[in-house]
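The structure appears below as structure tokens.
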Amino acid sequence: MWRVEISERGYSGPSEEMTFDGGTPLQITWEKRGDEFYVPVKASEATINILCKENFKYLSLFTSDPRYFRVSIFRNRQLYWRGYVTADLYSENFTAPPYTVTIKAVDGFNLLSSIPFRDLVHIGITGRRSLWELLSSCIDLLELDIDTADWMDLYAEGMDENVSPLRQTYIDLERLYYVYEEPTYRDILELCLRPFAGQIFQSNGALHIRRAVSLYRTARPVNFYRVGTEYPVGRIVTGNGLRLVIHTGAQVVTSAARECIDGMWTGALHVSGESTLDIVPALRKVSVDVKNKSLDNLIARIGFYDPTVWTDPFEFLSITNENALTFNGDDDHQGVEVCTKGFPVEQCNFPLVWEFGLQTYHREWGLGIYRPNESIDVAVHYGVRIVGEKATYSLTESGSWVQSSDGEIVSTVKTGNEQNMKIEIDGIPCDGEWQFFIRQTLIGKETQYGYGDRGGGRTTGHYEGVSFRRMTLSIDAGDSYDKGLRYESLVDPANNVDMSVTLPVSDIPAIPNDRLLYTLYYLDAAGNPTRIWHTKGRNDYDTLVGHIAQGTLRYKQLPSRRITGEIFSGQHIDMNTVVRDDKYLNAAYYINSVELNALEDSYNSELVEMPHLLTTEMPPEDDDCIAVATLSFTVGKAIRCLNRLLLQSADKKAVYAFDVATRRVREIYRNTIPFEMYEADEGFVAVDGKEVRYLDYRGTVERIYTPSEEYRNVATYMDGYIHVLKSYRQYIGPRGGNAGGRSATTTEDEDPNYRTYRYLSRPECKYVSPDASTGYRGRGYAYEGTPMSGAILALRRTENTIVVNTSHYAYLHDKRFHRPCKMQQFAAGEQIVTVSDNYIGINADDMLWFYRRDSITERTLLRRLGRWADHADHTMSEAVHSYDDGIFIWNFRDDTTSDVRNAAGWGENIMGLFFICGDLYIVRERAIYKFIPE
């Protein structure tokens, strides 16, 4: 039974009854078709046809107030939908009565785009606000007066999983207005939901907030089951006899009378034979962009003009305005230093520019008589230091850093004119606290004479001072800034469809000094940036951008199906309905859009496939892996390239690509002579002795470097340049026995008087000597790299790093800190077997040690994982390694270790372990296996 109530605001008189009319007296539509899973608002509208028996009786419904007439629709006496009459959609026939009047009502989400958000009284313009506070302000504006079912299930690391993440995630309003100068309520709504791929819509008399991918789980809120009845607070019994406890907190149950998945061909659900099945093509590439804005001036962030951040016991400082700080001289406290409390910064090679104006003052007077103005030199002692855990660095006037706590800058400025200062700073040398300081060397004293005939209250003295004006500090992260705001993942190059997602805000990109580079990002309750998120109860740790990409791959990695047509049913169908077809296609679908015809219990729906909801992969008995590819060749080497595996044949003449989505293996490159294969940016490098070739993921040759002599060492391709190793020999024998010292000859011999060193080089770049004053050559030029000793064992790559393991040391180049070709040397005997921006695994002392990377050059031990690893990889939550034929997975979230049996692969050597999209793939000599956790 359906009933519609139209209520006039402020009306308290008697009500009258209206009569439904026409073949479709009541329709409710949730649109729109074709929406992707991350679209945050699923707006709805109702169309009501009523019989008008008097001329223009309902013309009063036409009003300029979009909240004047409220429409409430009830099903079986329970609220089903609510909205407001939209005056601009009112229509009736211009004819003699009786005739049909069509009333349109909307839920109000469309109005949010026209209402400015800036609210100086209620929300304010500064301080932190939770996403729930911001969402509530948007929901209150709708004036629907209905419950909100918040079943968002994506939590940042460390959050309480019994409380909604929307109540534990915050936005800084001042930063919000810096990026969005005039946001609307719709902007705020999207800012709170789109980064989660969250959606809000009205259903079943409540507003639901959830992710589309949450429908893969069995947990549902109470409002999901509340169809035609009202659950009381307390103990209840569901349709199948399960006892539930309903409370005022997180009201989520896992079983009740309404099914989580409805059968398409069984029960009360009937799909029209006129429905249409469409095939949705798979994606070629998915990209996620985040809107942000760089901080133009870091001074306000670090706090140079904030008197509260200075340690100034003798009150040398005075703040005259927001862009001027004056330091006054004092004879009695010469040599005393005042400094800021320190702002945390991180080691990086990003250049900074520090600019400000210096204005000095000098006055002398005696008995109240001032000397004439003269231009006098005043020396100002000041500077910047980085106070690290192990060392302190001071900034020099040239912009370089020296390891000293006593270094300072001395600027001699004539009084009378302001002098502009500019210092180009050569990166930040270590993690630590950034401190400004000023040392007292200025004079200042005043002597007052007594009152009477001789003194008259006059003074004598002298004064010097300096003002720091209009100070700016900027940092240039180059390409790293833009790359931090964009994620790209190749799905399948054979496809033609790309998906691009733009987020209004997200996590802070993980690059050094990200808090100084980016303005807007999510915060946790303690005010720290959020970094890693996971689904409630699951181990799928990733960034918010990574979760968007995971959702995209879940739905669009392979061609999927979409059904549009009529569903006839007397049971409740809404945007939370999941339909199962286990008769023909063995697939499940969720409702993406729906048009309800209340009279016929008909739902004109768009059903979007939920891949892998019904089909689960089961390993053979006594095994925990499935074979995903049987190979016709023997694997000699395996590397990862994007979301694919590149396999080199044992004869070193061919490379094959394995696509984890389609599970196809195809040859992409072949050479007539053997070559070595190495990891590179979005491809690989082939070295055959004569040439160094860079090839992309398709096997297309993109760049060729031809050395002047035979070359058979490691090589890679990073940021547009081929990188190779160059060598020289250094005489280390007795004094007097060396004729030439250092030699370019690199022939390996047994002569103990010589040692061969190698260094990373970009041979296509011109070598440029460093600037004498700054030591900086500029980007795009060749450098003489860090000398590496020992036999070369392996080269490893990530997006930001190059690793070279030798028989003596491991060497790591991180492009976010090191100059091109410069590398960090690790301890003797260490070898890096897996590395990312967050973690690093190192073989040492016949053991595998796993560390968290606290900074680019610093690390903290998390655990010893086992024996020396032959292969290793890791995600944000797990690390896997192999020793001989054993494979072990350590979950560093709950500190548990488990074995991987992979019984079908016994007897074949392990050629590589790779986590791709959260799944573990094991490459053996003649097959590839996927681990299926229990």
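Residues in the sequence shown are numbered consecutively from 35, following the numbering used here.
Heads up, the beta-carbon is just placed ideally off N, CA and C, and yes, glycines get one too.
Taking a C-beta distance under 7 Å as the contact criterion, C951 and L592 do not qualify as a contact pair. Apart from the 5 residues on each side of it in sequence, P315 sits with its Cβ closer than 8 Å to the Cβ of N529, N530, V531, P593 in its chain, given in chain order. Contact annotation: D608 and S237 have beta-carbon atoms nearer than 7 Å.
Per the DSSP secondary-structure output, Q859 pairs in a beta bridge with Y845.
For Y395, the uninterrupted beta strand (DSSP E) run begins and ends at 386-400, by DSSP.
DSSP lists V719 as the beta-bridge partner residues of Y712. Taken atom to atom, the span from the alpha-carbon of Y755 to that of M711 is near 17 Å. For G580, the uninterrupted alpha helix (DSSP H) run begins and ends at 578-590, by DSSP.
Ranking G376, F667, A913 by CA distance to the CA of V418 puts G376 first.
Between T218 and E389, the C-beta gap is not smaller than 7 Å, which leaves the two residues out of contact. With a 10 Å radius around the Cβ and a threshold of 16 neighbouring Cβ atoms, V444 comes out exposed.
Sixteen is the threshold: when 16 or more other Cβ atoms of the shown chains lie within 10 Å of the Cβ of A672, as they do, the residue is buried. Going by DSSP, G495 is part of the beta strand (DSSP E) stretching over 493-509. Cβ contact annotation for G824 (same chain, cutoff 6 Å, sequence separation greater than five): T840, S841, H842, in chain order. Per DSSP, reduced to three states, the secondary structure at W468 is strand. For K800, the closest alpha carbon among the candidates R209, Y791, E818 is that of E818. Its chain contains E191, Y575, M910 as the residues whose beta carbon lies nearer than 6 Å to that of I566, once the 5 sequence neighbours on both sides are disregarded; these appear in chain order.
Residue state for T891 is assigned as coil, using DSSP reduced to three classes.
Under a 10 Å Cβ-count criterion, K590 is classified as buried, with 16 or more other Cβ atoms of the shown protein chains found around its own Cβ. For D411, the three-state secondary structure derived from DSSP is strand. In the displayed model, D174 falls within a helix according to three-state DSSP. Under the 10 Å beta carbon count, Y690 is surrounded by 16 or more other beta carbons and is classified as buried. Under the Cβ criterion (8 Å, minimum of three pairs), the segment 322-340 counts as touching the segment 352-362.
As DSSP reads the structure, P563 sits in a beta bridge with L557.
When secondary structure is reduced to three states using DSSP, T342 falls in the helix class.
By alpha-carbon distance to G239, the top candidate from S248, I180, E195 is I180.
Where I950 is concerned, there is no enclosing alpha helix (DSSP H), although the beta strand (DSSP E) around it starts and stops at 944-950. Taking one beta carbon from each stretch, the segment 40-55 and the segment 93-113 have 3 or more pairs nearer than 8 Å; the two touch.
Rounded to whole angstroms, the separation of the alpha carbons of T650 and D616 is 13 Å. Judged by pairs of C-beta atoms under 8 Å, the segment 383-400 touches the segment 497-516, as three or more such pairs exist. From the listed residues G946, E423, H757, the smallest Cα separation to V721 is found for H757. Considering only G571, V213, R897, the residue with the shortest C-alpha distance to Y189 is G571.
Distances from the CA of L329 to each of G670, Y515, V748, E864 were compared; the closest alpha carbon is that of Y515. When rounded, the separation of the alpha-carbon atoms in D513 and R737 is 21 Å. The beta strand (DSSP E) runs of length 3 or more contained entirely in the segment 858-943 are, from start to end of the chain, 865-869, 873-878, 881-887, 893-901, 905-908, 912-917, 920-925, 930-934. Looking at the DSSP output, T374 sits in a beta bridge with W344.
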